[in-house]
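Notes follow once the structure below has been shown.
There are 2 protein chains.
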Amino acid sequence: MSSIPLLALTGHYCAPHRTRIRDLLTTDWTVKLWTPDQSVDHLHSLLSKAEAVVTGADALLSGRLIGPITQAKHLKLLQIPFSGHDWLKFEMLSSECTACNVYEHHTTIAEYVMANILEWQIELRKIDPNFRTDSWDYGGSAVSGKKHGEVRGKTIGILGYGRIGEQIAKRAKAFDMRIIAVGRSSKPTPKPLDWLGTHAQWPQLIEQSDFLVLTCPLTDSTRGIVDAETLKTMKPSSVIINVARGPVIDEAALYNALKTGTIAGAVLDVWYAYPQPGEATCSPANHPFHELENTILTPHCAGWTDAQDERRWTTIADNLDRLRRGDPLRNIITLN
Amino acid sequence: MSSIPLLALTGHYCAPHRTRIRDLLTTDWTVKLWTPDQSVDHLHSLLSKAEAVVTGADALLSGRLIGPITQAKHLKLLQIPFSGHDWLKFEMLSSECTACNVYEHHTTIAEYVMANILEWQIELRKIDPNFRTDSWDYGGSAVSGKKHGEVRGKTIGILGYGRIGEQIAKRAKAFDMRIIAVGRSSKPTPKPLDWLGTHAQWPQLIEQSDFLVLTCPLTDSTRGIVDAETLKTMKPSSVIINVARGPVIDEAALYNALKTGTIAGAVLDVWYAYPQPGEATCSPANHPFHELENTILTPHCAGWTDAQDERRWTTIADNLDRLRRGDPLRNIITLN
């Protein structure tokens, strides 16, 4: 091996950042890129020499990254350029290799969640197009038109009170919302919350929430945690917001609850199916959520901003510098 | 006069609240209603006996309320059921009569302003309809689609730092925005603000703002304060949000600035023309703002919610009770 270590960027996602990371790094690295249109042999050869790899989502989705990672003998850092790692297993990595992820999306996702809560109450998407036709149907006191709703005083319930939950709570508090949450472990209730419980308080959380926000990781215990029973115990006026992972909610149960008015609505950013590498599109679910008016639907973009990307690549470069200098790495993933 | 005083509610706006105010009042009042479809003679007769009048906006707009008010000899309380009172002049009222208004809309309008700032950055109104066609154009990291923007770190500039401004600042702070403002008088900068200036700092406010929010009253000094010159010194990426009064912005100058890209956009809730009593609709401006894509347009409804209405009528009933009991009135308007 040469004295300058090799960094393998993988996936089209990493391609535009090749120059940027070179600029951000303060230690020496040879930076090479593999994209899913190239051969697996090439990937094997690259990873067999690499000391660090950045695992772009499209490279992972291609299904060809895991094998070569498992066999990458010199790998010291597996750097995930996002936060989710439900695909990562302990046995994939040698004892020399540390896996790290990045966050920097929590404030961005909190903005998305608050935008949707506000939109749900105010409905700019209905008022603006209506007013453009010179209709004053939604006019205020001078016209006495249809009124909209308020966020103030409503209860927001957060499932999975971690980094994203904290940022949502901080913002919701400024709107004088009541905030309740359920996390993995029992902790004293932190400042902005009315109460913080564990999964034992899940029934109270779903009963009391006007907006139920899912921000938990997808694990064996959260898969399908929102099922038909859960939906039935929610307020009929309540709205579910999923920025976690699609399968945290049972798809058929959610579709039926929305269709029949068991709950008032859903804001869905995460899905049951995604376009595979090379595919431009795919249907995000088996059920036609896009036909339902009581939904706001977005393609897993809640955290997808340039500013988030910039913060993430700054963190990634910092971790590579830390590895080179022998300093402690940031955001180490603990695998069981 | 009978020992039970007369309360005159005026305008269709007050009609649905006739029963409610009777329920809310803890002191005795005879409550009568006049609506603009009734005669002016009837209004004159009612107001000549009334001790208090609630001035509904449609009654005011009908132009027939001012005369009878001026001649109402027993009037002790002129209660405006909203906040604006640019139409009210000192010489209209006898020395026995106090004018009061109500607020309770400041948190509601702050929600509207934040909803629009978030919508401007995230653009749910574009992402949701696009995704409903199974397009992943705006998809996140797995798809590497178009990115949206963030509120975090942006500068919000508030013209007219009063009740509404304070509530906007409180919320904007939770989003880690930079907040600057200009008010009527020189004061120490309060906590959430980066700086608070007077009209002398107006140039700095407009130059630094990513979102310029107008919350000032319409006065001789604010009419047309945003003119072609102002718009030229704003950032090309900036957005103006008007929840004050339409004529605070020069209409032609704003239309041209939006049309030619001098500024990036506008959120307009207040207008240059309103439907007159009996009219269902009217064009809100001389210029076709509704043809511009870089606008969000709403019919003066930023504060128009049931919860705001409930808070306002509770305050109005409280003021009537205070008048009866001889306690100090709330929200007294100081007229020059």
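Top to bottom, those sequences are chains A and B.
First residue of the first sequence? That's 1 in our numbering, and the numbers climb one at a time after it.
First residue of the second sequence? That's 337 in our numbering, and the numbers climb one at a time after it.
In this text, a Cβ means the ideal position worked out from N, Cα and C, and glycines have one as well.
What you are looking at is a predicted structure, and each value in this text was computed from that prediction instead of being measured.
Residue span of the beta strand (DSSP E) that contains residue i, given as start and end
i: glycine 197 (chain A); result: 195-197
i: glycine 601 (chain B); result: 601-604
i: glutamine 79 (chain A); result: 77-79
i: alanine 435 (chain B); result: 434-436
i: threonine 346 (chain B); result: 342-346
Residue i, DSSP secondary structure in three states
i: tryptophan 34 (chain A); result: strand
i: alanine 580 (chain B); result: coil
i: arginine 163 (chain A); result: helix
i: methionine 1 (chain A); result: Any reading at methionine 1 (chain A) needs caution, since the residue's pLDDT is 47, under 50, leaving its predicted position unreliable; the model's value is listed next. Looking at methionine 1 (chain A) - three-state DSSP - the assignment turns out to be coil, as it is neither helix nor strand.
i: alanine 181 (chain A); result: strand
i: leucine 212 (chain A); result: strand
i: leucine 329 (chain A); result: coil
i: alanine 653 (chain B); result: helix
i: threonine 617 (chain B); result: coil
i: isoleucine 156 (chain A); result: strand
i: isoleucine 445 (chain B); result: helix
i: histidine 148 (chain A); result: strand
i: alanine 52 (chain A); result: strand
i: threonine 230 (chain A); result: helix
Residues near residue i in its chain [Cβ-Cβ closer than 6 Å; skip 5 each side]
i: threonine 670 (chain B); result: none
i: methionine 1 (chain A); result: Only weak support is given to the placement of methionine 1 (chain A): the predicted model assigns it a pLDDT of 47, under 50, and the value that follows is read from those uncertain coordinates. Answer for methionine 1 (chain A): no residue qualifies.
i: isoleucine 340 (chain B); result: Asp364 and Thr366
i: tyrosine 369 (chain A); result: This structure gives no information on residue 369 (chain A), because the portion of chain A shown stretches from 1 to 336.
i: arginine 245 (chain A); result: Leu218 and Val270
i: leucine 17 (chain A); result: According to the sequence shown, residue 17 (chain A) is histidine rather than leucine. Cβ neighbours of histidine 17 (chain A) beyond the five flanking positions: Trp313.
i: glycine 496 (chain B); result: Thr551 and Cys552
i: valine 531 (chain B); result: Here the sequence assigns tryptophan to residue 531 (chain B), which means valine is not the residue at that position. The residues are Ile516 and Thr525.
Rounded Cβ spacing between residue i and residue j (contact assumed at less than 8 Å)
i: valine 518 (chain B); j: glutamine 544 (chain B); result: Contact doesn't hold; Cβ gap of about 11 Å is too wide.
i: alanine 52 (chain A); j: tryptophan 34 (chain A); result: Wrong, their Cβ atoms sit about 13 Å apart, outside the cutoff.
i: isoleucine 416 (chain B); j: threonine 391 (chain B); result: 5 Å
i: alanine 257 (chain A); j: leucine 231 (chain A); result: 4 Å
i: alanine 43 (chain A); j: proline 68 (chain A); result: Contrary to the premise, residue 43 (chain A) reads as leucine rather than alanine in this sequence. Indeed, because the Cβ distance is near 5 Å, the residues count as touching under 8 Å.
i: asparagine 305 (chain A); j: threonine 108 (chain A); result: What sits at residue 305 (chain A) in the sequence shown is threonine, not asparagine. Confirmed, Cβ separation roughly 5 Å.
i: glutamine 503 (chain B); j: histidine 442 (chain B); result: 5 Å
i: leucine 656 (chain B); j: leucine 361 (chain B); result: 6 Å
Interface flag, residue i vs chain B, CB-CB below 8 Å
i: valine 243 (chain A); result: no
i: phenylalanine 175 (chain A); result: yes
i: arginine 132 (chain A); result: yes
i: leucine 214 (chain A); result: no
i: glutamate 310 (chain A); result: no
i: alanine 122 (chain A); result: Checking the sequence shown, residue 122 (chain A) turns out to be isoleucine, not alanine. Cβ-Cβ to chain B under 8 Å: yes for isoleucine 122 (chain A).
i: glutamate 119 (chain A); result: yes
i: tryptophan 34 (chain A); result: no
i: glutamate 111 (chain A); result: yes
i: serine 3 (chain A); result: no
i: tyrosine 13 (chain A); result: yes
i: tyrosine 161 (chain A); result: no
i: tryptophan 87 (chain A); result: no
i: aspartate 318 (chain A); result: no
i: serine 135 (chain A); result: yes
i: arginine 18 (chain A); result: no
i: threonine 281 (chain A); result: yes
is_contact[residue i, chain A] using C-beta, thresh 8 Å
i: aspartate 642 (chain B); result: yes
i: cysteine 712 (chain B); result: Residue 712 (chain B) cannot be examined here, being either before or after the span of chain B that is shown, 337 to 672.
i: arginine 461 (chain B); result: yes
i: proline 611 (chain B); result: yes
i: threonine 346 (chain B); result: no
i: leucine 633 (chain B); result: yes
i: methionine 450 (chain B); result: yes
i: tryptophan 649 (chain B); result: no
i: arginine 488 (chain B); result: yes
i: arginine 514 (chain B); result: no
7 Å Cβ shell around residue i - same chain, five flanking residues per side excluded
i: lysine 482 (chain B); result: Asp473 and Tyr474
i: arginine 22 (chain A); result: Val31
i: phenylalanine 625 (chain B); result: Tyr591, Leu604, Thr631 and Leu633
i: leucine 382 (chain B); result: Ala344, Lys368 and Trp370
First through last residue of the alpha helix (DSSP H) which encompasses residue i
i: isoleucine 632 (chain B); result: No alpha helix (DSSP H) contains isoleucine 632 (chain B), which is instead part of the beta strand (DSSP E) from 631-633.
i: valine 143 (chain A); result: That residue, valine 143 (chain A), is in no alpha helix (DSSP H); it is neither H nor E in DSSP.
i: leucine 339 (chain A); result: Nothing can be reported for residue 339 (chain A): it is not among the residues displayed for chain A, which extend from 1 to 336.
i: arginine 125 (chain A); result: 124-131
i: alanine 252 (chain A); result: 251-260
i: alanine 395 (chain B); result: 393-397
Nonlocal neighbours in the same chain, by C-beta distance under 8 Å from residue i, ignoring five residues either side
i: histidine 300 (chain A); result: Asp269, Val270, Trp271 and Tyr274
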